[in-house]
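Chains as they are written, first to last, in the numbering used here: chain A, -7 to 104; chain B, 310 to 425.
We put the CB at the ideal spot given by N, CA and C, even for glycine.
Shown next, in the form of structure tokens:
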């Protein structure tokens, strides 16, 4: 059973601070890693994806991947109240199955 | 470019009734997915199509759920009969194809099903 674990939160950060969201996964064969943002009552929206170990930056967002530790994280710099949402980590397995497994999500609240 | 389209957005039915959901993927996307998302949980895959072929339906409760993707474009997911535990949001997603570089999935707005 492939598992993706996230702290459910809520994670509260003040406006302008850095929010750090973490995710661990069980399948060592996983190839691709995605972060989705989901506002309440809305569908998941892709923020970033990462394939290789290290950091990947896109604007205020940085994804970090460490395959040896089976760990992926998302940093949000200069957090804004509009970033308040649930962040879903999703892991794509390989070896022909290409199944995307989601964590339960971390709820982030950015306090003005 | 239009995103993934789903209808209806909301559906309320009584248990034992049938229900169907419709999805139109992003133009050119060969792979289509149906997910179910329960409250407080991440989406869970029900079925994946590559063109018109269902290539992964291991999580689809086949006694009451069925799906089709005629002509490899639009898809319909059906539940018959619905049970109370089927209340959830049903999400459709699409991607260009499968494979590491082409598998980024884009989600539709979902259908919120309530079974009374």
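Cβ neighbours of residue i in the same chain (closer than 7 Å, five flanking residues each side left out)
i	result
residue 45 (chain A)	57, 58 and 59
residue 96 (chain A)	-2 and 0
residue 108 (chain A)	As shown, chain A starts at -7 and ends at 104. That puts residue 108 (chain A) outside it, with no answer to give.
residue 383 (chain B)	331, 332 and 333
residue 52 (chain A)	68, 69 and 70
residue 416 (chain B)	313, 400 and 402
Other residues of its chain near residue i: CB distance less than 6 Å, five sequence neighbours each side excluded
i	result
residue 92 (chain A)	82 and 84
residue 329 (chain B)	385 and 387
residue 94 (chain A)	80 and 82
residue 331 (chain B)	316 and 385
residue 414 (chain B)	402 and 404
residue 350 (chain B)	none
residue 393 (chain B)	324 and 424
residue 54 (chain A)	47 and 67
residue 14 (chain A)	65
residue 50 (chain A)	40
residue -5 (chain A)	18
residue 412 (chain B)	404
Residues that DSSP places opposite residue i in a beta bridge
i	result
residue 6 (chain A)	A:103
residue 420 (chain B)	B:399
residue -3 (chain A)	A:16
residue 350 (chain B)	BP columns for residue 350 (chain B) are empty, so no partner.
residue 313 (chain B)	Residue 313 (chain B) pairs with nothing; no bridge assigned.
residue 29 (chain A)	A:37 and A:79
residue 345 (chain B)	B:353 and B:399
residue 64 (chain A)	A:15 and A:57
residue 84 (chain A)	A:24 and A:92
Supposed contact pair residue j and residue i - C-beta distance, whole angstroms, cut 8 Å
i	j	result
residue 31 (chain A)	residue 77 (chain A)	5 Å
residue 370 (chain B)	residue 327 (chain B)	About 14 Å separates the two Cβ atoms, so there is no contact after all.
residue 38 (chain A)	residue 98 (chain A)	Going by Cβ atoms, the distance from residue 38 (chain A) to residue 98 (chain A) rounds to 16 Å, so no, they are not a contact pair.
Residue j beta carbon less than 7 Å from that of residue i
i	j	result
residue 72 (chain A)	residue 17 (chain A)	no
residue 100 (chain A)	residue 11 (chain A)	yes
residue 68 (chain A)	residue 6 (chain A)	no
residue 373 (chain B)	residue 388 (chain B)	yes
residue 35 (chain A)	residue 419 (chain B)	yes
residue 364 (chain B)	residue 333 (chain B)	no
residue 339 (chain B)	residue 406 (chain B)	yes
residue 354 (chain B)	residue 368 (chain B)	yes
Neighbourhood of residue i by C-beta distance below 8 Å, restricted to the same chain and skipping five residues each side
i	result
residue 318 (chain B)	418, 419, 420 and 421
residue 366 (chain B)	355, 356, 357 and 376
- Do the stretch 341 to 350 of chain B and the stretch 379 to 399 of chain B touch if we need at least three Cβ pairs shorter than 8 Å? A contact exists between the stretch 341 to 350 of chain B and the stretch 379 to 399 of chain B.
- Message: Three Cβ pairs or more, each shorter than 8 Å: is that satisfied between the stretch 323 to 332 of chain B and the stretch 415 to 424 of chain B?
- Response: These segments touch.
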